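Numbering (this note's numbering), first residue to last: 2 to 277.
Structure below.
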């Protein structure tokens, strides 16, 4: 009996998207963790049969395995979240669970989904779909849910279902080492490769933990070849020469070559709006 029609009718949340390189690395960490530490042989039950990995806002990754017990031992995802917290992570970017013996990505149970929504509703969760593993918003795994907090049960909050990547002005991501220079106005330019921006309102996201978001205005975008960058462009990045800037960009973008075009983006902080 054909299952193609059934697969095409499987509900996939609107926030689902293909995995990026960081998320694929996260899946691999979860797989390696459970492959190394499962206590179940092939076709056997065990106490430790699931591995999980979680990525914090600053891209650190933490792993854990489940601890099965009939009283409700913790799932691997909750162990990984606890490990992340123990190492100082406060805001989570993405989480995934992988089964032992090559079972691949496994979707979270109902209890885990409620925990994700209660504590990290904008975290992305990697789940299996008919098109392969996809990354979705945690809140999208619990339609019309109500969040529990230590203060009690909250009413339905439609904002939970807004993808932070698409709800609001476009995002430009920065290493947190640039935060003070951007905030003070000392840095007003950034050079990007295959990282499109547009003139107008923007959110400058500093990938610390927790993330810092500054509201800004992109005032100009200059398209230029890597080889045509100037010393002035370099000084705007806190460097001295165009050669330093080119070398730095090549370190950040390994595929970049001299004939490629880059974008020199000029921006200013929206002081009236403050921090998002």
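Every residue gets a Cβ at the ideal spot worked out from N, C-alpha and C, and that includes glycine. Here the structure is a predicted model, which means the values were calculated and not measured.
Q: Kindly provide the ranges of any alpha helix (DSSP H) runs that are 4 or more residues long and lie completely inside the stretch 157–185, ordered along the chain.
A: If one requires a minimum length of 4 residues, the alpha helix (DSSP H) runs lying completely within the stretch 157–185 are 180–185, in chain order.
Q) At a cut-off of 8 Å, is residue 24 close to the ligand FMN when judged by its beta-carbon and the heavy atoms of the ligand? A) For the structure depicted, the ligand FMN is absent and the ligand set is empty, with no information on it obtainable.
Q. Would a C-beta distance cut-off of 9 Å place residue 88 and residue 61 closer than the cut-off?
A. Locating residue 88 in the chain shown gives position 87, where the first residue counts as 1. Locating residue 61 in the chain shown gives position 60, where the first residue counts as 1. Their beta carbons are under 9 Å apart, which means residue 88 touches residue 61 by this criterion.
Q: Specify the secondary structure class of residue 259 as computed by DSSP and reduced to three states.
A: Counted from its first residue, the chain shown places residue 259 at position 258. Residue state, collapsed to three classes: coil.
Q | the stretch 79–95 touching the stretch 48–68, judged by at least three CB pairs closer than 8 Å | A | Yes, since at least three Cβ pairs between the stretch 79–95 and the stretch 48–68 fall closer than 8 Å, the two stretches touch.
Q) Sorted by chain position, which residues of the same chain lie with C-beta nearer than 6 Å to residue 84's C-beta, five sequence neighbours on each side aside? A) Locating residue 84 in the chain shown gives position 83, counting from the first residue. Closer than 6 Å at Cβ, skipping near neighbours: 63 and 65.
Q. What residues in its chain sit with their C-beta under 8 Å from that of residue 36, if we drop five residues either side in the sequence?
A. As a working note, residue 36 is residue 35 in the chain shown. The residues are 52 and 101.
Q.
By the DSSP assignment, the alpha helix (DSSP H) with residue 18 in it spans what residues?
A. Position 17 of the chain shown holds residue 18. Segment: none, residue 18 is in no alpha helix (DSSP H) and carries neither H nor E.
Q | Nearest-angstrom Cα separation, counted from residue 28 out to residue 260 | A | Taking the first residue of the chain shown as 1, we reach residue 260 at position 259. Taking the first residue of the chain shown as 1, we reach residue 28 at position 27. One C-alpha to the other measures close to 34 Å.
Q: Taking 9 Å as the cut-off, decide whether the C-beta atoms of residue 148 and residue 122 are in contact.
A: Working through the chain shown from its first residue, we reach residue 148 at position 147. Working through the chain shown from its first residue, we reach residue 122 at position 121. Yes, they are a contact pair.
Q. For residue 226, which three-state DSSP category applies?
A. If you number the chain shown from 1, residue 226 lands on position 225. Taken through DSSP and simplified to helix, strand or coil, residue 226 comes out as strand.
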